[in-house]
Amino acid sequence: MPKQSHPPYRMYSPSLDAMMREVLHTLGDIAFANEVELEKVEESVRDPDLRESIKDKIRTAHQQRRQPYVDLLETLRRQQHRQSFAA
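See the structure below:
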């Protein structure tokens, strides 16, 4: 009977996993806060041009605020990938 080939067991660092979860949680918080801000503007600003201008500024600030966390998450994923194949 032929031997069955099993995929290699991948080991991830618990601290790396915890950091990734924390970064994902932070990104979720940032996204939620952004949605709340956009809703407030939608409900309170009557002038359509002003409303869109404010919303554009909020979106830009949101992108700037979240980008460092997106970059960090990508770095952590690369580390996780390297660790999984080094084991």
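As numbered in my numbering, residues 1 to 87 make up the sequence shown, in order. All C-beta atoms, glycine included, are put in the ideal place defined by N, C-alpha and C.
Measure from the alpha carbon of residue i to the alpha carbon of each residue in the options, then state which is nearest.
i: Val70; options: Met19, Lys57 and Ser53; result: Met19
i: Phe32; options: His62, Phe85, Gln67 and Arg82; result: His62
i: Leu73; options: Glu22, Pro14 and Ser13; result: Glu22
i: Val55; options: Arg82, Asn34 and Ser84; result: The question names Val, yet the displayed sequence has Lys at residue 55. Nearest of Arg82, Asn34 and Ser84 to Lys55, Cα basis: Asn34.
So residue i and residue j are supposed to be a Cβ contact under 8 Å. How far apart are they, rounded?
i: Arg51; j: Val36; result: Not a contact, Cβ separation roughly 16 Å.
i: Arg65; j: Ile30; result: 6 Å
Beta-carbon separation of residue i and residue j under 9 Å?
i: Leu38; j: Ile58; result: yes
i: Leu24; j: Gln80; result: no
Could you give the first and the last residue of the continuous alpha helix (DSSP H) run that contains residue i?
i: Asp17; result: Pro14 to Ser44
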